[in-house]
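Engineer:
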């Protein structure tokens, strides 16, 4: 492990105490990991999204770089970044995409780039397990079954059918993404050159 990656991992460990937003997404869906540059200097408009060990996406104006595992699935629209919105769009979410994502803003300092930490977002990924019955519905169903059994035992073939849902009725289950409100994100600086920096600088 080279010194640059070690430095990044060490600084990442230092900022793990910063509260992060928690976003939930279903496998195969599209999710937006929020990021806002309001109030931060944007001289180069060079943004980077990464995990603990991989670069996910980088954009410098019209040039962009996608990590190997995320090719064709990630983007920070140029027009959004110009307005200070650095949110990452992640399509076709995979189960292995779950984890913590960090955002950095690169600023040039003479012959090196300074990566300024902006925030982190935790992504939780779940698989669609199909419809489930809610607790109130289960309790109500048990009461109805008990009523029918008692009525049948006391009155022969007579079954109480005036209570409970109609035969064949199904329950509807609503799914939603749980988002925790973030607290103030920490701001830090470190010296780091992104994997996409060199490739994009050669094109320019």
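Numbering (mature numbering (1 follows the signal peptide of the UniProt record, and there is no 0)), first residue to last: -20 to -1, 1 to 184. Beta carbons are placed, not taken as given, at the ideal position from N, Cα and C, and that holds for glycine. Computed from a prediction, not measured in an experiment: that's the story for all the values here.
1) Is residue 61 helix, strand or coil by DSSP?
2) Quick check: what's the CA-CA separation for residue 188 versus residue 31?
3) Take every Cβ of the segment 30 to 45, pair it with every Cβ of the segment 77 to 90, and state whether three or more of those distances are shorter than 8 Å.
4) Can you tell me whether residue 225 is helix, strand or coil according to DSSP?
5) Hey, residue 96 and residue 87 are a contact pair by Cβ (cut 8 Å); roughly how many whole angstroms apart?
6) Report all residues from its chain with a CB closer than 8 Å to the CB of residue 6; omit the five preceding and five following residues, and keep chain order.
7) Can you list, in chain order, the residues of its chain with a C-beta nearer than 7 Å to that of residue 14? Leave out the 5 residues immediately preceding and following it.
8) If distances are taken between C-alpha atoms only, which option among 63, 57 and 92 comes closest to residue 12?
9) Could you pull the DSSP bridge partners for residue 16 from this structure?
10) From the DSSP output, in three-state form, read off residue 6 for me.
11) Going by DSSP, what residue range makes up the beta strand (DSSP E) through residue 92?
Structural biologist: Working from what's here:
1) Locating residue 61 in the chain shown gives position 81, where the first residue counts as 1. Here residue 61 sits in helix by DSSP.
2) In this structure the chain extends from -20 to 184, so residue 188 is not present and cannot be described.
3) yes
4) The structure shown does not extend to residue 225, since the chain spans only -20 to 184, so no value can be given for it.
5) To locate residue 96, count along the chain shown from 1; it is residue 116. To locate residue 87, count along the chain shown from 1; it is residue 107. With 8 Å as the limit, residue 96 and residue 87 qualify as a contact, their Cβ atoms being about 6 Å apart.
6) Within the chain shown, numbered from 1, the residue matching residue 6 stands at position 26. Cβ within range, chain order: 73, 105, 106, 107, 108 and 155.
7) Locating residue 14 in the chain shown gives position 34, counting from the first residue. 1, 67 and 101, listed in sequence order.
8) For this step, residue 12 is matched to residue 32 along the chain shown. Considering only alpha carbons, the answer is 57.
9) Here residue 16 refers to the residue found at position 36 when the chain shown is read from its first residue. Looking at the DSSP assignment, residue 16 forms a beta bridge with 65.
10) As a position in the chain shown, residue 6 is number 26, starting the count at 1. Note: residue 6 maps to strand in three-state DSSP.
11) On the chain shown, residue 92 is found 112 positions in, with the first residue counted as 1. Taken as a continuous stretch (DSSP letters only), the beta strand (DSSP E) holding residue 92 covers 92 to 106.
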